[in-house]
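S.K.: Have a look at this one.
Chains as they are written, first to last, in our numbering: chain H, 108 to 300; chain Y, 108 to 300.
Below you can see the structure in the form of structure tokens.
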């Protein structure tokens, strides 16, 4: 029996490779909760699968349907947000997190209550749009044993660094974050192309 | 560049192989909506990954956290349901479905409203517990291009066949099912072990 089959990937899969290649120069890798990731000089953000031995580590995730956001919130987010890849967005930050078994055993209404009512996750995110662009990737249901549940990739201009720090602090002080059992912060910078 | 890496799998991943092996004798493969699956004599239900050329087709999915069920509903379901593998459950049915892009672009509240208020999905499921055991598998966020979004595997005793037909009919008449764009029904039977 062999699992060596190359399978087609949907356009929603992205890979983040820590290693010595890629556009993004890694400035710091900081363990916020529990274990860190191995040091890497550069980060490569790739559309598709990249489970290769090329990197020091590879994190994979898929963009997916919204899990908690309601219609009015989705419209508010869509009307304010801007895409990745803006020329001035020279700062890139990857935040992989893993949530606890307790979080995953909550029901939909309980998770939504923590996410929205107590943690104001959407309100916090809205406040920093469009300055801070983000893309959320899900890892938990990939079918492989991934070290994290979510990978969030942020991009912003250097002038917005303080705003980004405020955003992170607000999220980390929220009730939702009590269910985070591993979190790493990977700060990157991109030179001119 | 090679993708030929064997990766670890979480215990939540299951594979359904249509072919000439496995405990389950396939009685019928019926296309309910859109394209059918290729004929297969037997169905093998395997814990873990099985992307091998051994089967005529392989469908994979992961069990995951609940997406719409609330606490009271979860408790009601848990208190009534029984597990797979009961000795008398000689009937097995696999129902792979794919939902439309329109469904996936709905927000959480909109999907919950269709799932619960209009379609009474939970109420219908509760009515047939514990006679009909089921396990739901998610395929959409596996990171590979899967032909379906969900695989539901049902097991019940032959005497419950009419009840099972009623359950299927109730679900297919629901508003939720208007968002199903592909559905196949694979009925199986297991001889004595």
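All C-beta atoms in this analysis are idealised placements derived from N, C-alpha and C, irrespective of residue type, glycine included.
None of the values given here were measured: they were computed from a predicted structure.
Could you tell me how far apart the beta carbons of residue 274(H) and residue 225(H) are, in whole angstroms, since I believe they sit closer than 8 Å?
M.R.: Not really, about 17 Å apart at Cβ, beyond 8 Å.
S.K.: Residues of the stretch 161 to 175 of chain Y with a CB closer than 7 Å to any CB of chain H: list them in chain order, please.
M.R.: Flagged, chain order: 167, 169, 171, 172, 173, 174, 175.
S.K.: Can you list the residues of chain H that residue 225(Y) reaches, using a CB-CB cut of under 8 Å?
M.R.: Those do not exist, as residue 225(Y) stays about 16 Å from chain H at its closest Cβ, beyond 8 Å.
S.K.: Using a Cβ-Cβ distance cut-off of 7 Å, determine whether residue 211(H) contacts chain Y.
M.R.: True, the Cβ-Cβ gap to chain Y drops below 7 Å.
S.K.: Can residue 200(H) and residue 289(H) be called in contact, C-beta distance under 7 Å?
M.R.: Not in contact: residue 200(H) and residue 289(H) (Cβ atoms no closer than 7 Å).
S.K.: Taking a contact to mean a Cβ-Cβ separation below 7 Å, would you say residue 246(H) touches residue 168(H) in this structure?
M.R.: Yes, these two residues count as a Cβ contact at 7 Å.
S.K.: For residue 263(Y) and residue 196(Y), which I take to be in contact (beta-carbon distance under 8 Å), what is that distance rounded to the nearest angstrom?
M.R.: Yes, they are in contact, since the Cβ atoms of residue 263(Y) and residue 196(Y) sit about 6 Å apart, within 8 Å.
S.K.: Return the chain-ordered list of same chain residues with a C-beta closer than 8 Å to the C-beta of residue 240(Y), the five sequence neighbours on each side being excluded.
M.R.: Excluding sequence neighbours, residue 240(Y) sits near 188, 189, 190, 191, 193, 196, 261, 262, 263.
S.K.: Relative to chain H, which residues along the stretch 264 to 292 of chain Y have a C-beta separation below 7 Å, given in chain order?
M.R.: The stretch 264 to 292 of chain Y vs chain H, Cβ under 7 Å: nothing.
S.K.: Could you check which residue in 136(H), 172(H), 134(H), 138(H) has the C-alpha nearest to that of residue 211(Y)?
M.R.: Cα-wise, what sits closest to residue 211(Y) is 172(H).
S.K.: Strictly below 9 Å CB to CB, what residues from chain H border residue 245(Y)?
M.R.: Simply 248.
S.K.: Can you tell me where the beta strand (DSSP E) holding residue 240(Y) begins and where it ends?
M.R.: Per DSSP, residue 240(Y) belongs to the beta strand (DSSP E) from 240 to 245.
S.K.: At 7 Å on the CB atoms, spell out the chain H contacts of residue 193(Y), in chain order.
M.R.: The premise fails here: residue 193(Y) is roughly 25 Å from chain H at the closest Cβ pair, so nothing lies under 7 Å.
S.K.: If you measure from the beta carbon of residue 215(H) to each beta carbon in chain Y, is any gap under 7 Å?
M.R.: Chain Y, which has a Cβ nearer than 7 Å to the Cβ of residue 215(H), makes this yes.
S.K.: If you draw a straight line from the C-alpha of residue 270(H) to the C-alpha of residue 218(H), how long is it?
M.R.: Near 27 Å, if we compare the C-alpha coordinates of residue 218(H) and residue 270(H).
S.K.: Check the C-beta distance from residue 287(H) over to residue 231(H) and give it rounded, since I have them as a contact under 8 Å.
M.R.: Going by Cβ atoms, the distance from residue 287(H) to residue 231(H) rounds to 15 Å, so no, they are not a contact pair.
S.K.: Using the beta-carbon of each residue, which ones in chain H are nearer than 7 Å to residue 120(Y)?
M.R.: Correct list: 250.
S.K.: Any beta carbon from chain H within less than 7 Å of residue 230(Y)'s own beta carbon?
M.R.: Output row for residue 230(Y): interface = no.
S.K.: What are the start and end residues of the alpha helix (DSSP H) that includes residue 229(H)?
M.R.: 228 to 234 is the span of the alpha helix (DSSP H), which, as asked, contains residue 229(H).
S.K.: Pairing CB atoms from the stretch 173 to 184 of chain H with CB atoms from the stretch 138 to 145 of chain H, are three or more of them under 8 Å?
M.R.: In short, these stretches do not touch, since the Cβ pair count stays below three.
S.K.: Considering only their Cβ atoms, is the gap separating residue 134(H) from residue 235(H) smaller than 7 Å?
M.R.: Against a cut-off of 7 Å, the Cβ pair of residue 134(H) and residue 235(H) comes out as no contact.
S.K.: Which residues in chain H sit within 7 Å of residue 117(Y), going by Cβ to Cβ distance?
M.R.: Here the neighbours are 252.
S.K.: Counting only beta-carbon separations shorter than 7 Å, does residue 181(Y) have a partner in chain H?
M.R.: Chain H contact via Cβ: present.
S.K.: Under 7 Å between C-beta atoms, does residue 177(H) make it to chain Y?
M.R.: With 7 Å as the cut-off, residue 177(H) counts as an interface residue toward chain Y.
S.K.: Tell me which same chain residues have a C-beta within less than 8 Å of the C-beta of residue 143(Y), skipping the five on either side of it?
M.R.: Taken in chain order, the residues that qualify are 136, 137, 291.
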